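Participant: Structure below; questions to follow.
Residue numbers (my numbering): 490 to 560.
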């Protein structure tokens, strides 16, 4: 049988640990920025057309090979 704990006042409410307001605000700001950045990245990936290539691509049938006979 467990003995009752000594020096415990059952009438006193339990005190919650205090979280600094600045830390809580910073956490929500960083979280909001992360969610907005992820949404922007998904939007750009699926809806914004890609920039054209700067160098024209060779035809798929062409196989690049060096010249065998020097000129």
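Think of the CB as a built atom: it goes at the ideal place given N, C-alpha and C, for glycine as much as any other residue. All of these numbers come straight from a predicted model, not from anything done at the bench.
#1: Go ahead and pull the three-state DSSP assignment for residue 533.
#2: Roughly how many angstroms lie between the CA atoms of residue 519 and residue 548, to the nearest whole one?
#3: Grouping DSSP H, G and I as helix and E and B as strand, with all else coil, what is residue 557?
Facilitator: Considering the structure as presented:
#1: The three-state secondary structure of residue 533, taken from DSSP, is helix.
#2: Distance between the alpha carbons of residue 519 and residue 548: 47 Å.
#3: Here residue 557 sits in coil by DSSP.
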